[in-house]
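Sequence positions in the sequence shown follow mature numbering (1 follows the signal peptide of the UniProt record, and there is no 0) and run -16 to -1, 1 to 548.
Virtual Cβ for every residue (Gly too), placed ideally from N, Cα, C.
Keep in mind it's a predicted model, so treat the numbers as computed, not measured.
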Amino acid sequence: MLLNLTCFLCLGGTGGCSPSPGPSSLCSLSPALGLCPVIEGGDFAPLPGTQALTSCSAEAADSPQHPLRPGDKKEHALPFRKTSPDHIPGDAEGAESRVRLQETHSSGSLNGQIFRMFVHMTRASKILLIGKLKGYSILAIAEELPDNGKIFACAEVPYLGVNSQEAFDYSSDGKKISMRVGPVADILEALHAEDEHFDIVFIDADQRNAVQYYSFVMDNHLLSMDAVICVENTLMKGQVYLENVSDENVLAVRKLNSVINSDPRVEQVILPVQSGLSLIRRSPVPPDAVIESKKEVVRDDVFWGCNRRRILERLRLDGRVAYVTGGGQGIGRAFAHALGEAGAKVAVVDLVLAKAEAVVCELSLKGIKSLALAADVSKPEDVQRMVDAIVARWGTVHIACNNAGINLNSASEETSLEEWDKTFNVNLRGLFLCCQAAGRIMLNQGYGKIINTASMASLIVPHPQKQLAYNASKAGVVKLTQTLGTEWIDRGVKVNCISPGIVDTPLIRSQELRPLVQRWLADIPAGRLAQPTDLQAAVVYLASEASDYMTGHNLVIEGGQSLW
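Below you can see the structure in the form of structure tokens.
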């Protein structure tokens, strides 16, 4: 399948670009190299009179660049510190190296920005580049990758004879780049033997063996599940549509386009960017010809995905409305971020409104729709007001994450009735009130997910701390969860709980509890305390349709502590 967008304005790839209106995008490269992008595709090459940044000051960031004169020492050319929103002066040690493109070099900047945005949208972490090694573009991609990301850049020879590896060695993100120079077919064979898979594969169509490279990538499964192939130069500035063309490169590109367009395994769109950029993905519905050739293929939900949704799609929470009590810090804050990142709208509820508002501010920076609410979950009127506010804003509640809780320690013979009641009022009574208020809405709509926060203390007696009321209240949370889970499942509402082990939160780092940490670590097979992030996948799973057959379950995440 082919969608051709060439009717739109095509941006030229060389020479004809107008100057950018302001400072161009930054790229990881030490100014000490005396390198800057040439116009043709934004490749790094030594140029006479290269202008390099020699100051980390905010003034220098907005002033004409100063040349690195012959005889200047490299250490005098300070790297450009990447900050936001301003570039500030200071010690450059540990700073990320940066160089600013000259205003006339907007073509290379455009390529780099396109690739960076594409990597961001696809959330790629491993990338294969086949073809001409374009220094600016490669470094722009590397900047957008996570810290554990990797780029494998392979070509017959470095583009224009540039020693790109030297440039990458000076870059803060150069560690993500693996240069492989030699016969590309041999490099691809080696990557296949190493069982590498890639999220994005970039292929330069302007090379005579591009068809061979494309076929090898597809036939040998070098693509990850949702990978995309990007082929550059597929329009050759319109030359591929001209009649009576004899240029071998143009004919090679035309052949590659034909091969891709006739491949039943994929679909593509061609964007008129630079010299043409084809975006190619596996066809979401394999053609019958492909399926029929594999007699062992059974076309059922395992193959297609439940309701035609693959497993990771079934973990998405798009369109869902969730709330998290105790969401202003610690585990609750981690739950709010996790549910929001999975696509849900999130009401962050805390006893202290300022804490909830701080988390909502964090979520808003990620583009997550969120709402801050204050509530004391031990009070029925507060719980009802909380639910009413969420319904007034978003119409319903799909996911109830009842996480609010307290832990007061005392020897059992000294535990006061006040301490007992306070613990149970929040940990069990408050949780019951939230389950009941949210449950009424969910039962009425025939759908809902309730996730309660219990504790490893529901399974064992943690020691040496003495916490009778807390242990008993969390055991009650588990039994309440089991009871509601079995009572409500036939009406579409699933109720489960998560039992964390000892979680490394600011409370644990207090002077009072610090002496106990080493004692706890000795009881944990994993050898460490839990981090709030260790619990995030669990809450997303229990909130999603992927857990539709689970109810009344206590999901224990404690590093094996309850087994010793």
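Within 7 angstroms, strictly: CB atoms of residue i and residue j
| i | j | result |
| --- | --- | --- |
| Val215 | Ser262 | yes |
| residue 598 | Val333 | Since the first residue shown for the chain is -16 and the last is 548, residue 598 is missing from the structure and cannot be characterised. |
| Gly485 | Glu542 | yes |
| Lys329 | Ile383 | no |
| Val257 | Ala189 | no |
| Leu172 | Phe200 | yes |
| Phe99 | Ala124 | yes |
| Thr489 | Gly324 | no |
| Phe182 | Lys110 | yes |
| Ala530 | Leu296 | no |
Residue i versus residue j - alpha carbon distance
| i | j | result |
| --- | --- | --- |
| Ser267 | Met105 | 19 angstroms |
| Gly303 | Tyr454 | 36 angstroms |
| Phe136 | Leu415 | 51 angstroms |
| Gly158 | Ile492 | 38 angstroms |
| Ala338 | Asn204 | 54 angstroms |
| Pro448 | Leu500 | 8 angstroms |
| residue 559 | Glu403 | Outside the shown range of the chain, which is -16 to 548, sits residue 559, and nothing can be said about it. |
| Val487 | Leu497 | 12 angstroms |
| Lys57 | Tyr154 | Annotation note: pLDDT 38 at Lys57 (below 50); position unreliable, coordinate value reported separately. Straight-line Cα distance between these residues: approximately 15 angstroms. |
| Ala422 | Val381 | 7 angstroms |
| Ser546 | Asn95 | 54 angstroms |
| Ile425 | Arg413 | 19 angstroms |
| Tyr533 | Glu398 | 44 angstroms |
| Cys481 | Ser439 | 9 angstroms |
| Gln196 | Asp170 | 12 angstroms |
| Leu(-15) | Thr218 | Because Leu(-15) sits at a pLDDT of 46, beneath the cut-off of 50, its placement in the model cannot be relied upon, and the following sentence gives the value as read from the coordinates. Those two C-alpha atoms are separated by around 13 angstroms. |
| Pro69 | Ser208 | Any reading at Pro69 must be qualified, since the residue scores a pLDDT of 31, below 50, and its modelled position is unreliable; the value itself is stated next. Computed Cα separation, rounded: 36 angstroms. |
| Ala506 | Asn132 | 31 angstroms |
| Arg475 | Met370 | 24 angstroms |
| Leu401 | Asn391 | 14 angstroms |
| Gln252 | Ala194 | 16 angstroms |
| Pro51 | Ser156 | Any reading at Pro51 must be qualified, since the residue scores a pLDDT of 36, below 50, and its modelled position is unreliable; the value itself is stated next. Straight-line Cα distance between these residues: approximately 22 angstroms. |
Nearest candidate by alpha-carbon position, reference residue i, set the options
| i | options | result |
| --- | --- | --- |
| Ser242 | Tyr225, Phe182, Ala318 | Tyr225 |
| Ala108 | Ala126, Ser121, Gly115 | Ala126 |
| Phe319 | Ile435, Ser246, Ala139, Val445 | Ile435 |
| Leu301 | Ile352, Cys345, Gln368, Leu417 | Ile352 |
| Gly312 | Gly289, Gly327, Ile295, Glu346 | Glu346 |
| Gln97 | Ser121, Phe186, Lys458 | Ser121 |
| Leu113 | Met163, Ser396, Gly133, Met101 | Met163 |
| Ala527 | Leu401, Ala326, Val367, Gly289 | Ala326 |
| Val367 | Leu417, Ser400, Ala340 | Leu417 |
Residue burial classification, residue i (beta-carbon count within 10 angstroms, cutoff 16)
| i | result |
| --- | --- |
| Asn228 | exposed |
| Thr465 | buried |
| Thr470 | exposed |
| Ala521 | exposed |
| Arg317 | buried |
| Tyr198 | buried |
| Ser442 | buried |
| Asn291 | exposed |
| Val524 | buried |
| Lys478 | buried |
| Lys350 | exposed |
| Glu128 | buried |
| residue 549 | As displayed, the chain neither begins before -16 nor continues past 548, which places residue 549 out of reach and without an answer. |
| Val336 | exposed |
| Val141 | exposed |
Residues near residue i by beta carbon distance below 7 angstroms, same chain, minus five either side
| i | result |
| --- | --- |
| Asn409 | Ser362 |
| Gly389 | Gly310, Val410, Asn411, Thr437 |
| Val212 | Thr106, Ile184, Leu263, Ile264, Arg265 |
| His176 | Asn204, Leu206 |
| Trp472 | Gly423, Leu427, Val479 |
| Val343 | Gly311, Gly312, Arg317, Ala320, Val332 |
| Glu341 | Ala356 |
| Asp518 | Ile541 |
| Asp284 | none |
| Val445 | Asn455 |
Distance cut-off 6 angstroms: residue i Cβ against heavy atoms of the ligand SAM
| i | result |
| --- | --- |
| Gln502 | You won't find the ligand SAM in this model; it holds no ligand whatsoever. |
Chain-order list of residues whose beta-carbon lies under 8 angstroms from that of residue i (same chain, five-residue window excluded)
| i | result |
| --- | --- |
| residue 553 | Missing from the structure shown is residue 553; the chain here goes from -16 to 548 and no further. |
| Val462 | Ala438, Ser442, Cys481, Ser483, Asn538 |
| Cys419 | Ala384, Asn386, Ile434, Asn436, Leu464, Leu468, Val479 |
| Gly379 | Val305 |
Contacts around residue i, its chain only, beta-carbon distance under 6 angstroms, and the 5 residues preceding and following it disregarded
| i | result |
| --- | --- |
| Ala331 | Tyr307, Leu355, Leu357, Ile374 |
| Asn233 | Asp190 |
| Asp210 | none |
| Ser457 | Thr407, Phe408, Asn411, Leu412 |
| Leu452 | Ser396, Thr399 |
| Tyr431 | Gly476 |
| Ala322 | Gln520, Val523, Val524 |
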